[in-house]
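Report on the structure given below.
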Amino acid sequence: LGYIKTISFFLRPPGAWPSDVFEGYLPLPIRIHRATLPFHTTIIVIGGLYYITDNFHRLSFLDMGHMIITTFLAMVTALRSILPNLQTYNSLLCKFLQEFHLMHHAYKGDYFEEMNKTVDKISSYYTKFSTIIMYLGMLLFNITPTYNNIRHTLISKTENYSMEYSVYFSYPGFNPLDYFASTTIYNCYLSYNCSTLLCGFDLLLFLMIFQIIGHVYILRHNLENFQSPKNKITLNVRGDALSTNNTCTFEVFDAQENQEVRLQLAECIEHHKIIIGFTDDLSGVFGPILAFNYFFHMIACCLLLLECTEGSYDAVLRYGPLTMIVFGQLIQMSVMFELLGSETEKLKDSVYCLPWEAMNTSNQRTAFIMLHKMQYKISLKALGLAAVGVNTMVGILKTTFSYYAF
């Protein structure tokens, strides 16, 4: 699959793609980088916080906003860098690619194959779009300060010019900003890690959601196109054999059909269990990330709007793509999970449309149990607390614009 190759290509260098699990080999430098990245990014967070406290009275209002944004991005990177080191993350990826992906179910019927092709096409387009945005954001965030430095030092030769950096940090007794070349290169490295972990994990999560929605569509199709009984039985409701006006004709499954119905119901229940099981695993792995994402959006969305409306072309060029990424991440994540919830809410109606009145008592009990289990929509919750959906997104956007206006 082309989009799986793409995502593995840019997740492999920071160690976020478990090549040692899928291919049996991961170079030693990448393994060391994966293991040390959480500590490394935590040190950057500490450096950013120290820089803020040390320069609190010297930073302008907008510069302080920049420092808060970059420090929170470092926190997001630090949290997400823990994920590749967890066995549950590797197990989830294995389950996703080796069992749950629709390509493993395409042989089961024409609708399975059609849905697999549709989801693959959507996933391919979305991967290309996310990759472009990821690299564009990383490039523009670093190229603006570099361009300003070159323009002021080499072209206009401005006196007493303070060099600009994309990320500022310092430590007691040691100031990396005194070393321009090495710090600039190091900032590009930090930006690469941040963009790949920020966009890469979100892309991976969305690809999994696409597959879950595809499974839900297939389950609904199977329920709504359930086999109908072939036999018709005519009863005389008054017991008068001479009268033909008191007869009632209805359809029922015979013994052979009831056996087939029992197997079909079992397949639908098992399919639903697979969807629920994978969603629970997904929520367990990505739940903390989703919770911190919402916290990050509460802070960063307002500040990014503020930085973009500074009035200069450089500010729009520098913060514009990052603002698009952060707002797009919030909107896409919320809409995606809301779509998943709305589609699974329709499952109970699909179950009720089954010809349950034509089944025998045993199959009716099974259909009733299935109807009971499908009363609740499938949804992901951030740490089991906040529901991920449009309502939460609207609340964050309202707060963002209120703070921005203030």
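The numbers in UniProt numbering rise by one with no breaks, and the one at position 52 of the sequence shown is 52. C-beta: ideal position from N, C-alpha, C; glycine also. These numbers come from a predicted model, not from an experiment.
- The DSSP-derived three-state label of E357 is helix.
- Relative to the Cα of M75, the nearest Cα in the group C194, I155 and L154 belongs to C194.
- Straight-line measurement puts the Cα of T196 at about 31 Å from the Cα of E114.
- Between I7 and L140 a beta carbon distance of about 22 Å is seen, past the 8 Å cut, so the two are scored as non-contacting.
- One alpha carbon belongs to F406, the other to L303, and they sit about 12 Å apart.
- At a Cβ-Cβ threshold of 8 Å, G341 and I378 count as neighbours.
- Per the C-alpha coordinates, the member of Q375, F253, I325 and L59 positioned closest to D202 is I325.
- Exclusion of the five residues before and after I122 leaves F210 as the residues of its chain whose Cβ lies within less than 8 Å of its Cβ.
- A residue is called buried when at least 16 other Cβ atoms come within 10 angstroms of its Cβ; I331 does not meet this threshold and is exposed.
- Contact annotation: M138 and Y192 have beta-carbon atoms nearer than 8 Å.
- Apart from sequence neighbours up to five positions away, the residues of its chain that approach P14 with a beta-carbon distance below 6 Å are N193 and T196, ordered along the chain.
- In the three-state reduction of the DSSP assignment, T158 falls in the coil class, being assigned neither a helical nor a strand state.
- Out of N85, I233 and V394, the CA that lies nearest to the CA of T247 is found in I233.
- Excluding its 5 nearest sequence neighbours in each direction, V119 has C-beta neighbours in its own chain below 7 Å: L102, F210, Q211 and G214, listed in chain order.
- Collapsing the DSSP output to three states places N231 in a strand.
- I69 is classed as buried because its beta carbon has at least 16 other beta carbons within 10 Å across all chains shown.
- If you look at T249, you'll find it in the beta strand (DSSP E) that goes T247 to V252.
- With a cut-off of 8 Å on Cβ pairs, the region 50-57 is not in contact with the region 91-101, counting fewer than three such pairs.
- Pairing M333 with I396, the inter-Cα distance amounts to about 13 Å.
- In this model, Y376 and I132 are separated by some 37 Å (Cα to Cα).
- Separation of I30 and T88 (C-alpha to C-alpha, rounded to the nearest whole angstrom) is 19 Å.
- Secondary structure note for G137: its alpha helix (DSSP H) is the uninterrupted segment D110 to I150.
- Just so you know, the alpha carbons of F169 and L49 end up roughly 8 Å apart.
- Residues of the same chain with a CB within less than 8 Å of the CB of N116, apart from the 5 flanking positions on each side, are L102, M103, H105, A106 and G214 in chain order.
- 8 Å or more divides the Cβ of I275 from the Cβ of V351.
- About 21 Å separates the CB atoms of C308 and Y294; that is not less than 8 Å, and the two are not in contact.
- Contact between L62 and E310 holds, since their C-beta atoms are separated by about 6 Å, short of 8 Å.
- Rounded to whole angstroms, the separation of the alpha carbons of S228 and E260 is 11 Å.
- Under the three-state reduction of DSSP output, Y165 falls in the coil class, being neither helix nor strand.
- In the three-state reduction of the DSSP assignment, F56 falls in the coil class.
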